[in-house]
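Okay, so here's the structure we're looking at.
Below is the structure:
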């Protein structure tokens, strides 16, 4: 899932979509979610 999100960012934003990422595991997420993806962006 994380690879798909990374690929989407690069497809949409091109070279500017390159980014660092981290994956961490947890026992449970709120509302029964399978995946949580967060993004911090700087708009120039």
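Residue numbers (the working numbering): 60 to 103. All C-beta atoms in this analysis are idealised placements derived from N, C-alpha and C, irrespective of residue type, glycine included.
- Straight across, the Cα-Cα distance linking residue 83 with residue 71 is about 25 Å.
- Short of 7 Å from the beta carbon of residue 80, and not among the five residues preceding or following it, lie these beta carbons of its own chain, in chain order: 61 and 65.
- In the three-state reduction of the DSSP assignment, residue 65 falls in the helix class.
- At the C-beta level, residue 97 and residue 88 stay beyond 8 Å of one another.
- Collapsing the DSSP output to three states places residue 84 in coil.
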